[in-house]
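> The structure's right below; bear with me while I get my questions together.
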Amino acid sequence: MTMTDELLRVDDLVVTLPTADGPRALLGGVDLHVGRGEIVGVAGESGSGKSLTALAIMGLLPGNATRGGSIRFDGAELLDLPERRMRSLRGSRMGMVFQDPMTTLNPLFRVGDQIAEAYLIHHPRKGRAVARARALEVLRLVGVPEPERRAQQYPHQWSGGMRQRAVIAIALANDPELVIADEATTALDATIQAQVVDVLVRARDELGVSVLFISHDLGLIAQIADRAVVMYAGRVVEGAAADEIFEDSRHPYARALLASRPGSSAPGTVLPTIPGQPARPGLLLHGCPFEPRCRYVHRSERCRDETPHLLASQDGRVSACHFRDDPRMEVGS
Ligand SMILES: Nc1ncnc2c1ncn2[C@@H]1O[C@H](COP(=O)(O)OP(=O)(O)OP(=O)(O)O)[C@@H](O)[C@H]1O
Ligand SMILES: [Mg+2]
14 MTMTDELLRV DDLVVTLPTA DGPRALLGGV DLHVGRGEIV GVAGESGSGK
64 SLTALAIMGL LPGNATRGGS IRFDGAELLD LPERRMRSLR GSRMGMVFQD
114 PMTTLNPLFR VGDQIAEAYL IHHPRKGRAV ARARALEVLR LVGVPEPERR
164 AQQYPHQWSG GMRQRAVIAI ALANDPELVI ADEATTALDA TIQAQVVDVL
214 VRARDELGVS VLFISHDLGL IAQIADRAVV MYAGRVVEGA AADEIFEDSR
264 HPYARALLAS RPGSSAPGTV LPTIPGQPAR PGLLLHGCPF EPRCRYVHRS
314 ERCRDETPHL LASQDGRVSA CHFRDDPRME VGS
């Protein structure tokens, strides 16, 4: 990929927030990039920092957060942009889809009006008629049948899957370059989930929009993403083509995450989980954060003493494991 194809680049993003135990670096150095028209998945257990990463990119972190590193969007450093400029980027060039559609939809207004409103905020001179036409256009794009009739309805008249389509329509209303979907399909049942995921893939195919697709489900990410990163304890520990991570992952945590997927073991067997507690981000001073839970045969003193960085192995795959060059990644007992 050439540099001009790159839309978003996050380098060594550190986010520190006050917690009950004092200030903690909940993101300890996140590295990822998204090309134009690319779908990049972000996987990781609960608490690994996926949502904080999304909020940092959108400029929506709590006011008491301190941020370090770099987030470049189309060449501009977002961490330096004044809030006024961030506000004009949000919703126009970057859209966001959260897990619960009702965090975006207002129950008191008709769905069509809410999409038109999202368009008018960034196109104040276009007028109502243009905005209403745009609303119907994006409803059609996200596969809502009978958009004229549906636009007149209120959110409670829509099912969960349809509401999530409406939220995607709002995110797409201003023809953004990037959509961040944070567990956007997690609350939906499998069939509806597949349909909503398909809407995002179509948006990429037809509009060329880039998608940062956050999910704890690496299997789902492997189905739709071009590339994926795996996060653990506030850091990216592996990045590769999505199918490479799925079939031949190079980090013991990514391997364990895959093994613990529902459906990854024979029917009737107990679902494997990753033994041990997830590391609490920002507390580790040295060593590999995954070391206490790692079952990899090469686990050693070095893992306890020296923090592994996200580096390329001989074959170009990046992993934050000291033993990234051992392609067998054998698991001990
Ligand atoms: N505003 C906040 N103040 C203090 N700690 C926070 C705040 N927001 C998140 N955290 C902590 O930061 C860590 C990362 O949280 P984050 O929400 O990014 O995780 P996640 O990967 O999105 O998890 P999930 O899969 O559950 O959504 C967690 O330990 C969380 O408790
Ligand atoms: Mg989250």
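In this text, residue positions in the sequence shown follow this note's numbering: the first is 14, and each later residue adds one.
The beta carbon of each residue, even a glycine, is placed where N, CA and C say it ideally should be.
Remember, it's a predicted structure, so these values are computed and weren't measured experimentally.
Between the segment 42-49 and the segment 203-214, do at least 3 Cβ pairs fall closer than 8 Å?
The segment 42-49, when compared against the segment 203-214, does not touch it at the 8 Å Cβ threshold.
> Based on Cα-Cα distance, which residue from I237, L231, S313 and R317 lies nearest to V212?
With distances taken between Cα atoms, V212 lies closest to I237.
> Indicate the three-state DSSP secondary structure (helix, strand or coil) for I84 in the structure shown.
DSSP places I84 in strand when its eight states are reduced to three.
> Hey, would you say the C-beta of T32 is under 7 Å away from at least one heavy atom of ligand 1?
Yes, since a heavy atom of ligand 1 falls inside the 7 Å radius drawn around the Cβ of T32.
> Tell me which residues share the same chain as E304 and place their Cβ nearer than 6 Å to its Cβ, disregarding the 5 neighbours each side in the sequence.
So the list reads C316 and R317, once near-sequence residues are dropped.
> Let's see if you can read the secondary structure: which residues bound the beta strand (DSSP E) around R37?
It spans G35 to G48 - the beta strand (DSSP E) in which R37 sits, taken as one unbroken run.
> Between the Cα of Y309 and the Cα atoms of R178, G295 and H335, which residue gives the shortest distance?
It is H335.
> Work out the CA separation of L91 and L20 for me, nearest whole Å.
Approximately 12 Å, taken between the alpha carbons.
> Since L65 and V28 are thought to touch, with beta carbons under 8 Å apart, how far apart are those beta carbons, to the nearest angstrom?
Between V28 and L65 the Cβ distance is about 6 Å, and since that is below 8 Å, they are a contact.
> Between which two residues does the beta strand (DSSP E) containing S223 stretch?
Here the beta strand (DSSP E) through S223 covers S223 to I227.
> With a 10 Å radius around its C-beta and 16 neighbouring C-beta atoms as the bar for buried, classify P31 as buried or exposed.
By the 10 Å Cβ count, P31 comes out exposed.
> Considering only C-alpha positions, which residue in the set G174, S223, D113 and E96 is nearest to D188?
When each option's Cα is compared against that of D188, the closest is S223.
> Hey, is the segment 114-131 in contact with the segment 152-168, meaning 3+ C-beta pairs nearer than 8 Å?
Output reads yes: the segment 152-168 touches the segment 114-131.
> Name the DSSP bridge partner or partners of I52?
Beta-bridge pairing links I52 to V224.
> Where do the ends of the beta strand (DSSP E) carrying I193 lie?
First-last of the beta strand (DSSP E) with I193: L191 to D195.
> Measuring CA to CA, which of Y266, L191 and A292 is closest to D18?
Comparing Cα positions, the closest option is L191.
> How far does the beta strand (DSSP E) with P31 in it extend, from its first residue to its last?
Per DSSP, P31 belongs to the beta strand (DSSP E) from E19 to T32.
> Between which two residues does the beta strand (DSSP E) containing G252 stretch?
Here the beta strand (DSSP E) through G252 covers R248 to A254.
> Candidates R37, D261 and G42: which alpha carbon is nearest V249's?
Cα-wise, what sits closest to V249 is G42.
> Does DSSP classify R312 as helix, strand or coil?
Looking at R312 - three-state DSSP - the assignment turns out to be coil, as it is neither helix nor strand.
> With a threshold of 7 Å, establish whether the CB of E196 neighbours any heavy atom of ligand 2.
Yes - ligand 2 has a heavy atom lying nearer than 7 Å to the Cβ of E196.
> Considering just the uninterrupted stretch of the beta strand (DSSP E) at R240, what are its terminal residues?
Element bounds for R240: R240 to Y245.
> Start and end of the beta strand (DSSP E) containing G156?
Run containing G156: none; DSSP gives neither H nor E here.
> According to the Cβ coordinates, are R80 and R22 closer than 8 Å?
It is not a contact, given that the beta carbons lie outside the stated cut-off.
> Taking the beta carbon of S332 as the centre, do at least 16 other beta carbons fall within 10 Å, making it buried, or is it exposed?
S332 should be labelled buried.
> Assign G329 to one of two classes, buried (16 or more other C-beta atoms within 10 Å of its C-beta) or exposed (fewer than that).
So G329 ends up on the exposed side.
> Which value, in whole angstroms, describes the spacing of the CA atoms of L231 and P168?
Distance between the alpha carbons of L231 and P168: 30 Å.
> I'd like to know whether the C-beta atoms of Q112 and A56 end up nearer to each other than 8 Å.
No.
> Taking the straight line between their C-alpha atoms, what separation do you get for A269 and V143?
Cα to Cα, A269 sits roughly 51 Å from V143.
> Can you tell me where the beta strand (DSSP E) with M107 in it begins and where it stops?
Start and end: M107 to V110.
> Using the C-alpha atoms, what's the distance from M109 back to S101?
Answer to the nearest angstrom: the Cα atoms are 14 Å apart.
> Quick check on the burial criterion: 16 or more other C-beta atoms within 10 angstroms. Buried or exposed for E260?
So E260 ends up on the exposed side.
> If you run the structure through DSSP and keep just helix, strand and coil, what is E304?
Note: E304 maps to helix in three-state DSSP.
> Using the Cβ count rule (16 or more neighbours within 10 Å means buried), how would you classify D202?
So D202 counts as exposed.
> Please classify E257: does DSSP put it in a helix, a strand, or coil?
Three-state DSSP puts E257 in a helix.
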